[in-house]
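Chemist: One structure is given below, represented as structure tokens, and several questions about it will come after.
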Amino acid sequence: HRLHKRSRLTPATPATTSQKQEQTSLAHQAPQEILEAQTPETSEVELGGNVVKRLLLPAFPTNNGVSMVTTLTHPESLAAEEYRRLCFNVEWGLKETLSGPCKTLMVTSALPYEGKTITAVNLASTLARNHTVLLIDANFRKPAVHQAFGIPPEYGFSDLIEHQTIPHLFVPTERPNLSILPAGLTLGHPADLLSSQHMQQFLDALKTSSSFEYAIFDVPPASVIPDASILASKLDGIVWIIWELKTSKDLVRQALTRITNPAILGVVLNYSEQRTLPRKYDKIWKSYRHDAQKLQHRTSPMNPPT
Numbered sequence: 007h008r009l010h011k012r013s014r015l016t017p018a019t020p021a022t023t024s025q026k027q028e029q030t031s032l033a034h035q036a037p038q039e040i041l042e043a044q045t046p047e048t049s050e051v052e053l054g055g056n057v058v059k060r061l062l063l064p065a066f067p068t069n070n071g072v073s074m075v076t077t078l079t080h081p082e083s084l085a086a087e088e089y090r091r092l093c094f095n096v097e098w099g100l101k102e103t104l105s106g107p108c109k110t111l112m113v114t115s116a117l118p119y120e121g122k123t124i125t126a127v128n129l130a131s132t133l134a135r136n137h138t139v140l141l142i143d144a145n146f147r148k149p150a151v152h153q154a155f156g157i158p159p160e161y162g163f164s165d166l167i168e169h170q171t172i173p174h175l176f177v178p179t180e181r182p183n184l185s186i187l188p189a190g191l192t193l194g195h196p197a198d199l200l201s202s203q204h205m206q207q208f209l210d211a212l213k214t215s216s217s218f219e220y221a222i223f224d225v226p227p228a229s230v231i232p233d234a235s236i237l238a239s240k241l242d243g244i245v246w247i248i249w250e251l252k253t254s255k256d257l258v259r260q261a262l263t264r265i266t267n268p269a270i271l272g273v274v275l276n277y278s279e280q281r282t283l284p285r286k287y288d289k290i291w292k293s294y295r296h297d298a299q300k301l302q303h304r305t306s307p308m309n310p311p312t
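Quick note on this note's numbering: the sequence shown kicks off at 7 and runs consecutively.
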């Protein structure tokens with residue numbers, strides 16, 4: 007797992023001076039300008055903003071209990087560290103928003119199975135270390151957030167929009183400050199629910215509420231159904247997930263055309279294979295963790311420094 011600085015090169019290829027100068031100039035492009043990767047087999051898309059980093063993930067885990075929540079099960083792992091870096095960039099990207107006390111963003115992708123849910127879950131878990139966070143499953147057709155936290159399907163988001171007054175829908179998690187709103191059981195048409203007046207009333211109340219500082223929506227793929235385009239204009243920001251080696255640039259472009267004036271924070275580029283993480287980098291990370299643990303042990307109350 008790694009986050010790279012903005013780069014149009016594959017991780018193993020060093021950048022030349024001219025390429026570095028070009029990369030620096032890319033940081034000042036318009037937010038909606040799409041920049042192609044140099045190699046045809048990659049699908050990196052850069053849209054500007056503060057979250058444009060490469061988050062390298064291994065093969066995605068199955069939706070088996072809390073196995074998706076790496077930041078809870080393995081908080082000292084390299085993957086958890088990368089989510090912390092992503093979290094910092096999201097906070098930075100949203101700090102100037104004119105929204106109310108609760109800032110809202112959605113995590114989406116062009117296609118299914120690109121890693122948007124696992125990113126949304128771990129981003130929410132990481133943000134909750136220092137903020138109150140509500141993670142909302144807005145994928146009514148294929149909900150998965152409840153599976154990540156090992157809870158059964160129950161009343162949730164769709165029921166709240168439809169009926170408004172159902173109590174106790176926010177489910178606490180083992181992460182303090184993090185609650186989830188499951189997708190719900192109401193079987194109304196998702197597009198109708200998301201574009202309804204009740205939905206707008208819910209968002210207005212959420213943004214002005216002091217109960218949560220961040221609300222993260224896990225949203226269906228943008229190129230498949232209209233849900234993402236409906237929500238995009240209502241929220242403060244978008245984090246776009248791309249699985250490199252799977253998603254073509256044309257598909258990403260097509261998906262982006264479905265969203266009007268998207269507030270793109272940036273792109274998380276997922277790798278699907280563990281081999282994309284150089285062993286040297288992994289060894290360096292483990293060395294740093296080992297040194298940090300030794301320092302913590304020496305300076306603990308039970309082991310004061312000599």
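Virtual Cβ for every residue (Gly too), placed ideally from N, Cα, C.
What runs of the beta strand (DSSP E), each 3 residues or longer, lie entirely inside the region 117-149?
Modeler: With a minimum length of 3 residues, the continuous beta strand (DSSP E) runs that stay inside the region 117-149 are 139-143.
Chemist: Out of D165, H169, A130, state which residue places its alpha-carbon closest to the alpha-carbon of A1.
Modeler: Residue 1 is absent from the model: the chain starts at 7 and stops at 312.
Chemist: Just confirm the distance between the C-beta atoms of A234 and V225, as a whole number of angstroms; I'd bet it's less than 8 angstroms.
Modeler: Contact flag correct, Cβ pair sits at about 5 angstroms.
Chemist: Take G162 as the anchor and find which of S83, T192, A150 has the nearest alpha-carbon.
Modeler: Cα-wise, what sits closest to G162 is T192.
Chemist: Between which residues of its own chain and T77 is the CB-CB distance below 6 angstroms, once the five residues before and five after are set aside?
Modeler: Counting only Cβ-Cβ distances below 6 angstroms, and skipping sequence neighbours, we find A86, Y89, N128, S131, T132.
Chemist: Which partner residues does I222 have in the DSSP bridge list?
Modeler: Answer is L111, L141, bridged to I222.
Chemist: Taking the alpha helix (DSSP H) that S229 falls in, what are its first and last residues?
Modeler: First-last for S229: undefined, no H or E at that position.
Chemist: Checking the sheet assignment: what are the DSSP bridge partners for V177?
Modeler: Bridge partners of V177: I186.
Chemist: Based on Cα-Cα distance, which residue from I231, P107, V245 lies nearest to S215?
Modeler: The candidate whose alpha carbon is nearest that of S215 is P107.
Chemist: Could you give the distance in angstroms between the alpha-carbon of T23 and the alpha-carbon of H137?
Modeler: In this prediction, T23 has a pLDDT of 40, which is less than 50 and means its spatial position is unreliable; what the coordinates show is noted afterwards. When rounded, the distance between both Cα atoms is 40 angstroms.
Chemist: Name the residue from I222, R259, A238 whose alpha carbon lies nearest to the alpha carbon of A126.
Modeler: Nearest of I222, R259, A238 to A126, Cα basis: I222.
Chemist: Taking T94 as part of the alpha helix (DSSP H), name the residues at either end of that continuous run.
Modeler: The question names Thr, yet the displayed sequence has Phe at residue 94. Where F94 is concerned, the enclosing alpha helix (DSSP H) stretches over 84-100.
Chemist: Does the distance from the CB of V96 to the CB of L271 come in under 8 angstroms?
Modeler: A contact, by the Cβ cut-off of 8 angstroms.
Chemist: Which residue marks the beginning of the alpha helix (DSSP H) containing S164, and which one marks its end?
Modeler: Run containing S164: 163-169, per the alpha helix (DSSP H) assignment.
Chemist: Find out if the Cβ-Cβ distance for the pair A116, T253 is shorter than 8 angstroms.
Modeler: Yes, Cβ-Cβ distance for A116 and T253 is below 8 angstroms.
Chemist: Pull up the distance between the alpha-carbon of Q170 and that of F208, whole angstroms please.
Modeler: Approximately 8 angstroms, taken between the alpha carbons.
Chemist: Apart from the five residues just before and just after F146, which ones in its own chain have a Cβ nearer than 6 angstroms to its Cβ?
Modeler: Cβ neighbours of F146 beyond the five flanking positions: S164, A189, P196.
Chemist: For L257, collect the residues of the same chain with a Cβ closer than 7 angstroms to its Cβ; drop the 5 residues on either side in sequence, then sort them by chain order.
Modeler: So the qualifying residues of the chain are A116, L117, S229.
Chemist: Use the C-beta contact count for T263: other C-beta atoms within 10 angstroms, 16 or more gives buried, fewer gives exposed.
Modeler: It is exposed - the Cβ of T263 has fewer than 16 other Cβ atoms within 10 Å.
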